[in-house]
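A.B. asks:
There are 2 protein chains.
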Amino acid sequence: MKQVNVGILGCGTVGTGVAKILMDNKDIISSRVGAVINLKYVADIDTETDRGITFDDGVFISDANKVIDDPEVHIIIEMIGGESIAKEFILKAINNGKHIVTANKALLAGSGNQLLSAASEKGCDIFFEASVGGGMPVIKTLRESLACNKIQAVTGILNGTCNYILSKITTDGNSFEDALAKAQAKGFAEADPTLDVEGFDTAHKLSILSALAYGMEINFKDIYVEGITKIAPMDFEFARQFGYSIKLLAISKDNGNGIEARVHPTMIPHGNILSNVTGSLNAVTVTGDGVGDIFISGHGAGMMPTASAVVGDVVDIARNILSGTTGRVPLFSYQKENIKKVPVLSINEISTNYYLRFSALDQPGVLSKISGLLGDNGISIKSVHQKDRKTMGSVPIIMLTHSAKEADMKAALSDITSLDVVSEDPVIIRIEDEEE
Amino acid sequence: MKQVNVGILGCGTVGTGVAKILMDNKDIISSRVGAVINLKYVADIDTETDRGITFDDGVFISDANKVIDDPEVHIIIEMIGGESIAKEFILKAINNGKHIVTANKALLAGSGNQLLSAASEKGCDIFFEASVGGGMPVIKTLRESLACNKIQAVTGILNGTCNYILSKITTDGNSFEDALAKAQAKGFAEADPTLDVEGFDTAHKLSILSALAYGMEINFKDIYVEGITKIAPMDFEFARQFGYSIKLLAISKDNGNGIEARVHPTMIPHGNILSNVTGSLNAVTVTGDGVGDIFISGHGAGMMPTASAVVGDVVDIARNILSGTTGRVPLFSYQKENIKKVPVLSINEISTNYYLRFSALDQPGVLSKISGLLGDNGISIKSVHQKDRKTMGSVPIIMLTHSAKEADMKAALSDITSLDVVSEDPVIIRIEDEEE
Chain A
1 MKQVNVGILG CGTVGTGVAK ILMDNKDIIS SRVGAVINLK YVADIDTETD
51 RGITFDDGVF ISDANKVIDD PEVHIIIEMI GGESIAKEFI LKAINNGKHI
101 VTANKALLAG SGNQLLSAAS EKGCDIFFEA SVGGGMPVIK TLRESLACNK
151 IQAVTGILNG TCNYILSKIT TDGNSFEDAL AKAQAKGFAE ADPTLDVEGF
201 DTAHKLSILS ALAYGMEINF KDIYVEGITK IAPMDFEFAR QFGYSIKLLA
251 ISKDNGNGIE ARVHPTMIPH GNILSNVTGS LNAVTVTGDG VGDIFISGHG
301 AGMMPTASAV VGDVVDIARN ILSGTTGRVP LFSYQKENIK KVPVLSINEI
351 STNYYLRFSA LDQPGVLSKI SGLLGDNGIS IKSVHQKDRK TMGSVPIIML
401 THSAKEADMK AALSDITSLD VVSEDPVIIR IEDEEE
Chain B
1001 MKQVNVGILG CGTVGTGVAK ILMDNKDIIS SRVGAVINLK YVADIDTETD
1051 RGITFDDGVF ISDANKVIDD PEVHIIIEMI GGESIAKEFI LKAINNGKHI
1101 VTANKALLAG SGNQLLSAAS EKGCDIFFEA SVGGGMPVIK TLRESLACNK
1151 IQAVTGILNG TCNYILSKIT TDGNSFEDAL AKAQAKGFAE ADPTLDVEGF
1201 DTAHKLSILS ALAYGMEINF KDIYVEGITK IAPMDFEFAR QFGYSIKLLA
1251 ISKDNGNGIE ARVHPTMIPH GNILSNVTGS LNAVTVTGDG VGDIFISGHG
1301 AGMMPTASAV VGDVVDIARN ILSGTTGRVP LFSYQKENIK KVPVLSINEI
1351 STNYYLRFSA LDQPGVLSKI SGLLGDNGIS IKSVHQKDRK TMGSVPIIML
1401 THSAKEADMK AALSDITSLD VVSEDPVIIR IEDEEE
């Protein structure tokens, strides 16, 4: 039986899962691929930790370069993470003609275009299904299944940590801090949760999906990013009363004038299938002009689901190697010459519905002042709700608006916060309504 | 630019959609594939109907054989439906070395193994993503993304007609007949709805998914099939009270003793993501040993979603042709030599929880007689509910059981129906509980 040799660089959680699947499911993989996928090396500088796997002699080594330089290795699985060493190793491996599988979204968001060019020049595949949504096959769906569709939108819950925290606040009424502590205790959040809770991890993933969807270079730096740290439990309660859930959404759209790509807490109606995605699950809705909406959900992280996606890519590349082809599917969904540098629209250019919560003094005329300033800036109010709970002499005033431009909203809010009767910075949550 | 020539046989609803996508999205397809997918022929014996498409001269013809015999045509898209002519044309096309795309689940369920053998021998691809779940990429996910997983279960809502009807009964309290009439008025059900409402269409699809999941030949005839025509509105109301929805589920499992494959109305807890799939949507949960649960949902039927999946397959085959490979992914997920004839377990061997509704005379001792006979047959009761609504002197008695073997349940029900105090055949609905 033919053999495809692979080497893993980095044996942390996901690297260990990949080794497990390649070893435990060797027979089932062979029965599908018609060849043996042979785990020739696992390289990690930490040679002490017990990973619960018994490797054959000579498989576990400490020197990544030995893997990269071995002419018998066909596929390098980069499981190191981070942007410096991982990038160096990948570029060296491509230079040696190796195919690459990676789950490294931060690296792809920062250097994906460079890696793509290097791989294309050398005729190597770089596959990265596990970089977005763990075990969910969203990248294959975009690159292959929907190849005949004009993609109109990609909307997703792409960070399990944030979704777990938001679910806890929703169901248990926890503060953000308490929910974060619970997520950390459960192992769903890192000790330093910044990358997750400030939305950057989600934005890394959105930059990858947007490139695949619209035929653009990866453009992470233009994505608007807002995290989940500033929403109060009462906003979740008000959202529920209005029929909405609050999720950290990654939203990208071809809106006719350009590409929107933004990450922010978002109210979505209870009827939206994404609102039922709770806990640490990930999910994405892809909208195409032929297929309509396709919804995919699954475990967005964790050892085995992520490893499943990594080995799925290994199988794909092995099939290319065995059938003597490479670059069968273009790495970023479109042929290289059709990938454009596309500017992402500024958040100021985006129009959306808004939830606004003002803390105002309980005085006559406040409502008329606030709504007047919104009107002066061309913002049309859908409904106003004055809630009777007082905090330090202030009452929350909730307004839901019709579609308004972010630039106009900013101008209005700047006027409103300068009012004496408004006691705190307003809370602003964008709404994605179906019927908008 | 290179060119791949395709011909469509059959220009009904989906065939028309395929032609539309190939023509309207020609540029976007080329920008991804790096070649032109050229619609050389559309053949249909009905040359009169206005399909809203202007074909170039010579494209629309009435003679399918001209398409099949043209040496310039690489891919035949079979959109005729039915099992006789479609099969004849496909076999002839394979004999001519053509690759095939079809959405014909009835044909695959009946003759898939034969078509597979014929295609393998000739080195042709047969792709059939659109045969299950319309635009949902469940077949690609099983054949490719999850290739490193031992598949443990596939559970799905695979017939939009039934799901629409069941949703209507649930939300509006309609009778089956009224809900069917509404589905027919909306175009969601055929004039003769038998294939849909009796569960056969769902079973056709389950036979395909089971083959792909477990490495078995297509085995339609052994699948247990029960339709949705016998459930009363009150069962939906009782189900709701117990926290369940009723769906027509396609269930297949590798349960350790063998392969279960069955189609029947099923109660699933409200927390199960499949219970939120309403209207004519389709959805499937695939469970693998690495990936855990993956959930995919989308439009399971309709002109454009189905056509999207068809053209997705055309793109896949075109990429094989352009990269000079064929049979890169085995047609039924496993290498031919690893596909086994696997018997599907008889429904009598299956264990599941049950919902039972008896119509019994309102007399003392009835409950003890029924529960005694269940106990005599080794069936353990989880809860009993005597509802106070009388119909013709009878009262409904609802029992939920712990896991019981179908053979034991049949024996018990045979004893129970022979009781004088039981006035009608009992209603039996199987329950799929997460914690079972």
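Protein chains in written order, with our numbering: chain A, 1 to 436; chain B, 1001 to 1436.
For glycine and all other residues, C-beta sits at the position ideal for the given N, C-alpha and C.
Bear in mind the structure is a predicted one, so any value in this text is a computation, not a measurement.
Tell me, to the nearest whole angstrom, how far the beta carbon of A:G256 is from that of A:N338; I am working on the premise that it is less than 8 Å.
C.D. replies: About 20 Å; that fails the 8 Å criterion.
A.B. asks: If distances are taken between C-alpha atoms only, which option among B:F1127, B:S1175, B:A1035 and B:N1320 comes closest to B:E1237?
C.D. replies: Residue B:S1175 is the option with its Cα nearest to B:E1237.
A.B. asks: Applying a beta-carbon distance threshold of less than 7 Å, which residues of chain B neighbour A:Q335?
C.D. replies: Under the 7 Å cutoff, chain B gives S1031, R1032 and G1034.
A.B. asks: Out of B:G1290, B:H1402 and B:H1385, state which residue places its alpha-carbon closest to the alpha-carbon of B:I1379.
C.D. replies: Closest option to B:I1379, Cα to Cα, is B:H1402.
A.B. asks: Answer with buried or exposed for A:K168, where buried requires no fewer than 16 other C-beta atoms within 10 angstroms of its C-beta.
C.D. replies: Per the 10 Å Cβ criterion, buried.
A.B. asks: Between the Cα of A:I294 and the Cα atoms of A:M304, A:A283, A:G300 and A:R430, which residue gives the shortest distance?
C.D. replies: A:I294 has its Cα closest to that of A:A283, out of A:M304, A:A283, A:G300 and A:R430.
A.B. asks: Is there contact between the stretch 1036-1050 of chain B and the stretch 347-360 of chain A, where contact requires at least three CB pairs shorter than 8 Å?
C.D. replies: Not touching, per the Cβ criterion.
A.B. asks: Spell out whether any CB of chain A is found under 8 Å from the CB atom of B:L1209.
C.D. replies: Cβ-Cβ to chain A under 8 Å: no for B:L1209.
A.B. asks: Name the DSSP beta bridge partners of B:T1266, please?
C.D. replies: DSSP, once it has assigned bridges, lists B:K1247 and B:R1430 as partnering B:T1266.
A.B. asks: Check distances from the C-beta atoms of the stretch 1246-1267 of chain B to those of chain A and list, in chain order, the residues that come in under 7 Å.
C.D. replies: If the cut-off is 7 Å between Cβ atoms, the stretch 1246-1267 of chain B has nothing near chain A.
A.B. asks: In chain B, which residues lie with their C-beta within 9 Å of the C-beta of A:V125?
C.D. replies: Before going further, note that residue 125 of chain A is Asp rather than Val in the sequence given. Near A:D125 there are no residues of chain B at all, since even the closest Cβ is about 12 Å away, more than 9 Å.
A.B. asks: When burial is assigned at 16 or more other CB atoms within 10 Å of the CB, is B:V1384 buried or exposed?
C.D. replies: Flag for B:V1384 reads exposed.
A.B. asks: Assuming A:Y164 contacts A:G302 under a Cβ cut-off of 8 Å, what Cβ separation, rounded to an integer in Å, is found between them?
C.D. replies: Contact doesn't hold; Cβ gap of about 12 Å is too wide.
A.B. asks: In the DSSP assignment, the alpha helix (DSSP H) including B:G1110 goes from what residue to what residue?
C.D. replies: Per DSSP, B:G1110 belongs to the alpha helix (DSSP H) from K1105 to K1122.
A.B. asks: A:E144 versus chain B: which residues are under 9 Å apart at the beta carbon?
C.D. replies: Within 9 Å Cβ-Cβ: P1137, K1140, E1144, G1312, V1315, D1316 and R1319.
A.B. asks: Is B:S1297 closer than 8 Å to B:M1136 when the C-beta atoms are compared?
C.D. replies: Yes. Within cutoff.
A.B. asks: Considering B:D1125, what are the terminal residues of the alpha helix (DSSP H) in which it resides?
C.D. replies: Taken as a continuous stretch (DSSP letters only), B:D1125 belongs to no alpha helix (DSSP H), as it is neither H nor E.
A.B. asks: Strictly below 8 Å CB to CB, what residues from chain B border A:G324?
C.D. replies: Simply G1324 and T1325.
A.B. asks: Give the DSSP bridge partners of A:N338, in chain order.
C.D. replies: Its beta-bridge partners do not exist; DSSP assigns none.
A.B. asks: Suppose you measure from the CA of B:I1251 to the CA of B:C1148; what does that come to, to the nearest Å?
C.D. replies: So the alpha carbons of these two residues sit roughly 22 Å apart.
A.B. asks: If we define contact as Cβ-Cβ less than 8 Å, is A:H74 a contact residue for chain B?
C.D. replies: False, the Cβ-Cβ gap to chain B never drops below 8 Å.
A.B. asks: Short check: CB of A:E217 to CB of A:K341, under 8 Å?
C.D. replies: It is a contact, given that the beta carbons lie within the stated cut-off.
A.B. asks: With distances taken between CB atoms, is the gap from B:G1007 to B:Y1041 smaller than 8 Å?
C.D. replies: Their beta carbons are under 8 Å apart, which means B:G1007 touches B:Y1041 by this criterion.
A.B. asks: So, does the CB of A:P343 fall closer than 8 Å to a CB anywhere in chain B?
C.D. replies: Chain B, which has no Cβ nearer than 8 Å to the Cβ of A:P343, makes this no.
A.B. asks: Would you check if there are 3 or more beta carbon pairs closer than 8 Å linking the stretch 1098-1117 of chain B to the stretch 1196-1213 of chain B?
C.D. replies: The stretch 1098-1117 of chain B is in contact with the stretch 1196-1213 of chain B.
A.B. asks: Within 8 Å (strictly less), CB to CB, does B:E1436 reach chain A?
C.D. replies: For B:E1436, the predicted model reports a pLDDT of 41, less than 50, meaning its position is unreliable; a value from the coordinates is still stated below. Closer than 8 Å: no.
A.B. asks: Checking contacts by CB at 8 Å: is A:N276 closer than that to chain B?
C.D. replies: Judged by the 8 Å Cβ criterion, A:N276 is in contact with chain B.
A.B. asks: What do you reckon, are the CB atoms on A:A43 and A:V67 nearer than 8 Å?
C.D. replies: Yes, the pair counts as a contact, with Cβ atoms nearer than the cut-off.
A.B. asks: Using only alpha-carbon positions, find the residue among B:G1015, B:N1095, B:T1170 and B:K1140 that is nearest to B:L1331.
C.D. replies: Comparing Cα-Cα distances from B:L1331 to each of B:G1015, B:N1095, B:T1170 and B:K1140, the minimum goes to B:K1140.
A.B. asks: For B:L1361 versus B:A1412, is the C-beta spacing smaller than 8 Å?
C.D. replies: Result no, Cβ atoms of B:L1361 and B:A1412 do not sit closer than 8 Å.
A.B. asks: Using a Cβ cut-off of 8 Å (strictly closer), state whether A:H204 contacts chain B.
C.D. replies: Cβ-Cβ to chain B under 8 Å: no for A:H204.
A.B. asks: May I ask which residues mark the beginning and end of the alpha helix (DSSP H) holding A:A147?
C.D. replies: Run containing A:A147: none; DSSP gives neither H nor E here.
A.B. asks: Tell me which same chain residues have a C-beta within less than 8 Å of the C-beta of B:E1349, skipping the five on either side of it?
C.D. replies: If we look at B:E1349 and ignore the five residues flanking it on each side, its Cβ neighbours are N1257, G1258, K1405, E1406 and A1407.
A.B. asks: With burial defined as no fewer than 16 other Cβ atoms inside 10 Å of the residue's Cβ, what is the status of A:E129: buried or exposed?
C.D. replies: Per the 10 Å Cβ criterion, buried.
A.B. asks: Among A:R51, A:A191, A:K221 and A:T16, which has the Cα closest to the Cα of A:L108?
C.D. replies: Per the Cα distances, A:K221.
A.B. asks: If you run the structure through DSSP and keep just helix, strand and coil, what is A:K205?
C.D. replies: Correct three-state label for A:K205: helix.
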